[in-house]
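Presented below is the structure to which this report refers.
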Amino acid sequence: MGDAGTALLRALRAMLEGAGALVVEEVRSRRWASVTFAGARHELALRLEGDGAEAAAARFVAGLDAAEFALAGHIVADIALVAEERRRGCARLRIEALTVEDD
């Protein structure tokens, strides 16, 4: 995971602060480029555990589209929840994001 991936994970952790136990199940980043931009694609699998995990996940999901991320040297060009599973005391979230280098 590169600098952008690490910074993105930190930002997502901050959004989930106070949401119970956060378990990072998987993080993958790979380089990405278009004709005009360079960056990385990120896939993150997160699990929230504990009382209120479902409610915390619902708040997180509701705010994800409008979230602004301050990543040094990078811009979050796209972020999406691609899978979600909630059950009593646990919520699993799979997130995909695209970051581009901000020169």
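When the letters of the sequence shown are read in order and numbered with my numbering, they come out as residues 110 to 212.
Even for Gly, the Cβ is constructed at its ideal location relative to N, Cα and C.
The Cβ atoms of Glu152 and Glu205 lie closer than 8 Å to each other.
Rounded to the nearest whole angstrom, the C-alpha separation of Met124 and Thr145 is 30 Å.
The distance from the Cβ of Gly114 to that of Ser138 is about 4 Å, consistent with a contact at the 8 Å cut-off. Shown here for Arg140: same chain residues with a beta carbon closer than 7 Å to its own, the five before and five after excluded, namely Ala149 in chain order. The three-state reading of DSSP puts Ala149 in strand, counting E and B together. Under the three-state reduction of DSSP output, Asp112 falls in the helix class. By a beta-carbon distance limit of 8 Å, Leu207 contacts Ala186. Their separation comes to about 5 Å.
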